[in-house]
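Novice: In terms of numbering that gives the first Met the number 0, the sequence shown has 12 at position 13, counting the first letter as 1, and numbering is strictly consecutive.
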Amino acid sequence: MLLTRKWLWPSGEEADQNEARNLLLDPGIELFVGTDSHLIGGRWIFATVIAAHRPGLGGRFMYHREEMKLGDIQHLGQRLSEEAMRSLIVASEIKNELGRDAEVHLDLSSERHKSAKFVKQLTTMVSSCGFKVQIKPQAWVSSSIADRSAR
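(1) To which residues of the same chain is I28 closer than 8 Å at the C-beta, ignoring the five residues directly before and after it?
(2) Could you check how far apart the C-beta atoms of S142 and K131 are, in whole angstroms? I think they sit under 8 Å.
(3) Give the DSSP bridge partners of K68, in chain order.
(4) By DSSP, does A83 sit in helix, in strand, or in coil?
(5) What are the start and end residues of the beta strand (DSSP E) that includes A101?
(6) Taking Cβ positions, are A101 and L30 nearer each other than 7 Å?
(7) Start and end of the alpha helix (DSSP H) containing S127?
(8) Smallest Cα separation from W139: which of T123, L107, T122 and V89?
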């Protein structure tokens, strides 16, 4: 399931399944997954990112975009849960299909933001599935790369 999705490189070019698989299986990289969404033209655009980081040398990322109708998301908690679930599904597929662990980055803030009231619920959901989880400001995949990829 993981590599049967249409994954794109930052250039917008579709990722070749073999190239993507080789990147994700490289033992010298760390894997991170995050999702963000934006309302564009009456539709929610969700972008899920897999970032492959080689410590000290940089990294690459690829992203997958999906749309939902405006009415399918009723409130902030539902949208944040949808983002978390999309990231959790991809991280689980990486683990189950490739035998690799991925850290999950959630687009949540712990203080003075509307998303703060969902931190405990969503971080517990991800960590209870066996994944390391980060929120802002450490959640650079969701708050930066996925944010740009969803626009």
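Note that beta-carbon positions come from the ideal geometry of N, C-alpha and C, so glycine has one too.
Specialist: On the basis of the coordinates in this document:
(1) If you ignore the 5 residues before and after I28, its C-beta comes within less than 8 Å of the C-beta of L22, A51, H52, R53 and G58, all in its own chain and listed in chain order.
(2) In fact, because the Cβ distance is near 16 Å, the residues do not count as touching under 8 Å.
(3) R42, per the DSSP bridge assignment.
(4) A83: helix per DSSP, three-state reduction.
(5) For A101, the uninterrupted beta strand (DSSP E) run begins and ends at A101 to H104, by DSSP.
(6) Contact: yes.
(7) Counting along the chain, the alpha helix (DSSP H) containing S127 begins and ends at V118 to S127.
(8) Selected option, being the one with the closest Cα: L107.
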